[in-house]
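Residue numbering for the sequence shown follows the numbering used here, starting at 222 and increasing by one per position. Glycine residues also receive a C-beta, built at the ideal position from the N, C-alpha and C atoms.
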Amino acid sequence: MSSAAVNPDFWKGKRVLLTGHTGFKGSWLSLWLQSLGTTLRGIALEPPTEPSLFNVARVFDGMEHRIVDIRDYAAVRAQFDDFAPEVVIHMAAQPLVRLSYREPVETYSTNVMGTVHVLEAARHVASVKAIVNITTDKCYENREWVWGYRENEPMGGRDPYSSSKGCAELVSSAFRSSFLNSAGIALATARAGNVIGGGDWALDRLVPDILRALEKDEPVLIRNPHAIRPWQHVLEPLSGYLLLAERLHVHGQVYAEGWNFGPRDEDARTVQWITENFCDLWGSGASWSVQSGEQPHEANLLKLDISKARQRLHWSPRWTLDTAIQLIVKWHQSWRRGQDMRSLCLSQINQYRS
Ligand SMILES: NC(=O)c1ccc[n+]([C@@H]2O[C@H](COP(=O)([O-])OP(=O)(O)OC[C@H]3O[C@@H](n4cnc5c(N)ncnc54)[C@H](O)[C@@H]3O)[C@@H](O)[C@H]2O)c1
Numbered sequence: 222m223s224s225a226a227v228n229p230d231f232w233k234g235k236r237v238l239l240t241g242h243t244g245f246k247g248s249w250l251s252l253w254l255q256s257l258g259t260t261l262r263g264i265a266l267e268p269p270t271e272p273s274l275f276n277v278a279r280v281f282d283g284m285e286h287r288i289v290d291i292r293d294y295a296a297v298r299a300q301f302d303d304f305a306p307e308v309v310i311h312m313a314a315q316p317l318v319r320l321s322y323r324e325p326v327e328t329y330s331t332n333v334m335g336t337v338h339v340l341e342a343a344r345h346v347a348s349v350k351a352i353v354n355i356t357t358d359k360c361y362e363n364r365e366w367v368w369g370y371r372e373n374e375p376m377g378g379r380d381p382y383s384s385s386k387g388c389a390e391l392v393s394s395a396f397r398s399s400f401l402n403s404a405g406i407a408l409a410t411a412r413a414g415n416v417i418g419g420g421d422w423a424l425d426r427l428v429p430d431i432l433r434a435l436e437k438d439e440p441v442l443i444r445n446p447h448a449i450r451p452w453q454h455v456l457e458p459l460s461g462y463l464l465l466a467e468r469l470h471v472h473g474q475v476y477a478e479g480w481n482f483g484p485r486d487e488d489a490r491t492v493q494w495i496t497e498n499f500c501d502l503w504g505s506g507a508s509w510s511v512q513s514g515e516q517p518h519e520a521n522l523l524k525l526d527i528s529k530a531r532q533r534l535h536w537s538p539r540w541t542l543d544t545a546i547q548l549i550v551k552w553h554q555s556w557r558r559g560q561d562m563r564s565l566c567l568s569q570i571n572q573y574r575s
């Protein structure tokens, strides 16, 4: 069954507030929302990396761009009052596991209290109808088992990042039953897998680490070659978030719950598999080896069960992991050649939609 399509008629002219629009996923989503003709405002800190997709693809060109710290409730509230959004997509976060070991306080204050601030502001603004809160596949209590996690399984998280996102899920659930349902606002949470795509320069993430090494003609150093993750192209979960927001806006509470957006089962691959595929496509004698030394704990086995999104949203992944890797290598090599990356992103979005 092919995946349901995002409905351009729904999005045209909608007032959408997106948090985290200067980040990797937020930049791709901003471009997609711009191409759909939404009235879009983004609130976030400055882009988290240099270079950044936000600047490289001139994402700021087609939207209202505001620098706001979501740890500051008054500042968040002022944006909601001023903009009066109909749809809110919350993805601003400290998203890195290894950084969360170094900066647990910042991680919890952004990911937990930042979420409280966004939901608290939203409930006081009458225009808001639908909220999608982006958490992660790591919000589940990881049991290192071979099955994909289902939406009704316990929240958990051993490292501060995963735990903070489990907390953001609990916050969402409490806000839903305490305030949002009665205010006529439908809130869902979305749990995606390990997202890859052109324009990610984050530290300590596999694909950016691979590309940094390949550019310098150095061997790629990987930490956990046998770790399995649900890898997917960034446009896959973004299409899920958009479909979900449409359903929440049109049908309300029926869709106001947690949703997994992961890859096909066969695309839950090892770190080694991904690395070898990048090295093969890059050519010119690229190689990899295992990084020595003690590393902080990260889960070894993580998969998502996407039966619910397939069944009830008619969402399913469109691109294989092979396609995703080819598109990333093409994106990265085009960027190195100085091509127009805004056009290339928009053309990859069109390719995905068609
Ligand atoms: N990239 C992945 O593989 C992945 C997988 C699952 C879930 N997620 C989730 O998706 C979301 C986006 O991730 P990403 O990879 O684009 O991350 P990113 O680091 O590229 O972007 C994070 C965004 O959040 C903003 N931000 C951070 N702290 C802030 C604060 N205090 N106030 C306001 N804005 C702040 C940054 O400015 C940036 O716009 C996050 O919620 C992340 O947890 C990412």
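Can you check which of these residues, the options, is closest to residue i by C-alpha distance?
| i | options | result |
| --- | --- | --- |
| N415 | K524, W480, R344 and L274 | K524 |
| V237 | P306, G247, A313 and L542 | P306 |
| A278 | N571, S575, Q560 and R574 | Q560 |
| N498 | M284, S398, T541 and L469 | T541 |
| V392 | L261, T336 and E324 | T336 |
| Y361 | W536, S385, A342 and A545 | S385 |
| F301 | A342, R558, V511 and Y382 | A342 |
| G369 | R490, F275, E467 and M284 | R490 |
| L340 | G258, A313, F245 and G419 | A313 |
| R433 | F275, A507 and N228 | A507 |
| H454 | D230, R262, N276 and Y573 | Y573 |
| E519 | K359, P268 and W556 | K359 |
| I449 | H470, H472, E467 and D486 | D486 |
Let me know the secondary structure DSSP gives residue i once reduced to three states.
| i | result |
| --- | --- |
| W366 | coil |
| H286 | strand |
| H454 | strand |
| L266 | coil |
| R490 | strand |
| W509 | strand |
| A226 | coil |
| G479 | strand |
| T496 | helix |
| T541 | coil |
| I527 | coil |
| I570 | helix |
| L459 | helix |
| L522 | strand |
| I417 | strand |
| L401 | helix |
| L464 | helix |
| L565 | helix |
| L261 | strand |
| I449 | strand |
Look at residue i and residue j and say whether their C-beta atoms are less than 7 Å apart.
| i | j | result |
| --- | --- | --- |
| D421 | P429 | yes |
| A409 | A477 | yes |
| I202 | V349 | The displayed coordinates of the chain run from 222 to 575. Any statement about residue 202 would go beyond what the structure contains. |
| Y322 | P484 | no |
| A413 | F482 | yes |
| H242 | S256 | no |
| S224 | S505 | no |
| H338 | Y382 | no |
| I570 | W253 | yes |
| L534 | L464 | yes |
| G419 | W509 | no |
| I431 | V492 | no |
| W480 | A530 | yes |
| E467 | N228 | yes |
| L401 | R344 | yes |
| S332 | A296 | Rather than Ser, the amino acid found at residue 332 in this sequence is Asn. Going by C-beta atoms, N332 is not nearer than 7 Å to A296. |
Span of the beta strand (DSSP E) holding residue i?
| i | result |
| --- | --- |
| W249 | Where W249 is concerned, there is no enclosing beta strand (DSSP E), although the alpha helix (DSSP H) it sits in stretches over F245 to S256. |
| R236 | R236 to T240 |
| L442 | V441 to I443 |
| L408 | A407 to A413 |
Mind checking which residues open and close the alpha helix (DSSP H) that includes residue i?
| i | result |
| --- | --- |
| S394 | P381 to F396 |
| P429 | L427 to E436 |
| F181 | Here the chain covers residues 222 to 575 and nothing more, so residue 181 does not appear. |
Fully enclosed by the region 300-359, which beta strand (DSSP E) runs are 3 residues long or longer? 308-311 and 351-355
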